[in-house]
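If you read the sequences in order, they're chains A and B. For what it's worth, the working numbering labels the leading residue of the first sequence as 0, then goes sequentially. For what it's worth, the working numbering labels the leading residue of the second sequence as -1, then goes sequentially. Below is one structure, written out as structure tokens; comments come after it.
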Amino acid sequence: MPRVSYWMVRLALVHLFLGFTVGAWLLLYKAQWLAGIPGLRALHVELVLLGFMVQLAVSVAWWILPRVRGERPADQGAWIAGVLFTLGVWFVGLGAVGSIPKLQWAGRILELMGLMGWARLLWPRILAANRHHAAQPEGTSSEAP
Amino acid sequence: MPKLSRWYVKTALGYLALALLLGVALVWPTETAGWRVWQGLFWPVWIHLLTVGWLTQLIFGVAFWLFPRHSRMRPYGPQQLAWTAYPLLNAGILLRLFAEPAIAWTASPLWRGLAGLSAAFQWVAGTLMAVYLWTRVKQR
């Protein structure tokens, strides 16, 4: 696993833990066991859907997608995209809890920038997979399991 | 595909089917006020059947299968964490299926307790899987 995937997957797992923790709080609040905190639902959604699921998906994609001409692009772009995206998740979440709409807005912009960066880096590797498949004669397997 | 992964993925598919069925009921056009109330009560359940029951459980199953080996001696690492998480996660989701709409309807201590149990089960399961998958993230 490349270094950037290693750290981004671990970060996604931290988001999983935090997202589930906030989610449990929300259900306990609904069951009248705990006090409510404004903005917690938005934080929960951000952590679980974006901080965990999307971050895990792109981190694993960075690791697993075919390399173009046998080489994975340098990690630098992936680091920048990953940092932007993660900051965005936190800005949106903290902006929701702190009722700071401008922070949420900034967070969404950062998330969008991060994801555009990921998309730009990953797109050629998806095409590489298609080209590799198209070159294989029918009935042959191109990849080891 | 290891047995636990097959359990996670097949269960996830079951939740997807259940969520889609519930989804039909939730958008069923109705003029009956009572039916619309129930549609609203089951809305969060539907979301969690999809996100936790289907998506998260699918991720857990595939990650258990495909993440780097923990070690040569123990390729799947401390898999008892993942095995323990499976029944807890599903018990939590199934409790939620009934308890979450119920607590919006009644302040009964029984339903509040079951909803609390659902929250605890899901939290423990999520934590166990986060810890387990952490051990499978390897840099090479």
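Where is the CB? At the ideal position from N, CA and C, for every residue including glycine. Values in this document were obtained by computation on a predicted structure and should not be read as measured data.
Check your understanding: Are the C-beta of Arg119/A and some C-beta of chain B separated by less than 8 Å?
Key -> no
Review point. Which residues bound the alpha helix (DSSP H) around Val3/A?
Key: Arg2 to Lys29
Exercise for review: To the nearest angstrom, report how far apart Leu120/A and Pro72/A are at their CA atoms.
Suggested key: 8 Å
Review point. Helix, strand or coil: which one does DSSP assign to Val25/B?
Key: DSSP, reduced to helix, strand and coil, places Val25/B outside both helices and strands of the structure shown, so it counts as coil.
Review point. So, is Trp104/A buried or exposed, given that buried needs 16 or more other C-beta atoms within 10 angstroms?
Key: exposed
**Study point:** Limits of the alpha helix (DSSP H) - the one that Ala36/B falls within
**Key:** The sequence given here places Trp at residue 36/B; Ala does not occur at that position. Where Trp36/B is concerned, the enclosing alpha helix (DSSP H) stretches over Ala31 to Leu39.
Point to revise | Chain-ordered chain B contacts of Leu39/A [CB-CB under 7 Å] | key: The contacting residues do not exist; Leu39/A stays about 13 Å from chain B at best.
Point to revise | Euclidean distance between Cα positions of Phe51/A and Lys1/B | key: Roughly 25 Å between the two C-alpha positions.
Check your understanding: Just curious, the alpha helix (DSSP H) that Trp89/A is in, first and last residue?
Key -> From DSSP, the alpha helix (DSSP H) with Trp89/A extends over Asp74 to Val96.
Check your understanding: Roughly how many whole angstroms lie between the Cα atoms of Arg4/B and Met71/B?
Key -> 22 Å
Check your understanding: Looking at C-alpha atoms only, which residue of Gly69/A, Ser58/A, Thr20/A and Tyr5/A is the closest neighbour of Phe84/A?
Key -> Ser58/A
Review point. Relative to the alpha-carbon of Trp140/B, which residue among Arg34/B, Val35/B and Leu14/B has its alpha-carbon at the smallest distance?
Key: Residue 140/B is absent from the model: chain B starts at -1 and stops at 138.
Check your understanding: Taking C-alpha atoms, which residue in Val129/B, Gln137/B and Val135/B lies nearest to Leu17/A?
Key -> Val129/B
Check your understanding: Are the beta-carbon atoms of Ala83/B and Leu126/B separated by less than 8 Å?
Key -> Cβ atoms of Ala83/B and Leu126/B: closer than 8 Å.
Exercise for review: Compute the Euclidean distance between the alpha carbons of Glu29/B and Ala23/B, then round it to the nearest angstrom.
Suggested key: 14 Å
Check your understanding: Which word fits Lys136/B, buried or exposed, when buried means at least 16 other C-beta atoms lie within 10 angstroms of its C-beta?
Key -> It is exposed - the Cβ of Lys136/B has fewer than 16 other Cβ atoms within 10 Å.
Point to revise | Neighbourhood of Phe19/A by C-beta distance below 8 Å, restricted to the same chain and skipping five residues each side | key: Val47
Check your understanding: Is the beta carbon of Val21/A sitting closer than 8 Å to the one on Leu39/A?
Key -> Yes, Cβ-Cβ distance for Val21/A and Leu39/A is below 8 Å.
Point to revise | Cα-Cα separation, Leu39/B to Leu95/B | key: So the alpha carbons of these two residues sit roughly 10 Å apart.
Point to revise | Closer than 8 Å at the beta carbon, the chain A residues around Arg110/B | key: Ala30, Gln31 and Trp32
Review point. Start and end of the alpha helix (DSSP H) containing Thr125/B?
Key: Pro107 to Arg134
Check your understanding: Between Leu108/B, Gly21/B, Ala123/B and Leu16/B, which lies nearest to Trp32/A when the distance is taken from Cα to Cα?
Key -> Closest option to Trp32/A, Cα to Cα, is Leu108/B.
Check your understanding: Can you find a CB in chain A that lies within less than 8 Å of the CB of Trp52/B?
Key -> no
**Study point:** Residues sharing a beta bridge with Val67/A, DSSP
**Key:** Glu70/A
Point to revise | Leu131/B: contacting residues in chain A (beta-carbon distance under 7 Å) | key: Leu12
**Study point:** Same chain only: Cβ atoms within 8 Å of Glu142/A, ignoring 5 sequence neighbours per side
**Key:** Reliability fails at Glu142/A, whose pLDDT of 45 lies under 50, so the model's placement of it is uncertain and no value is given.
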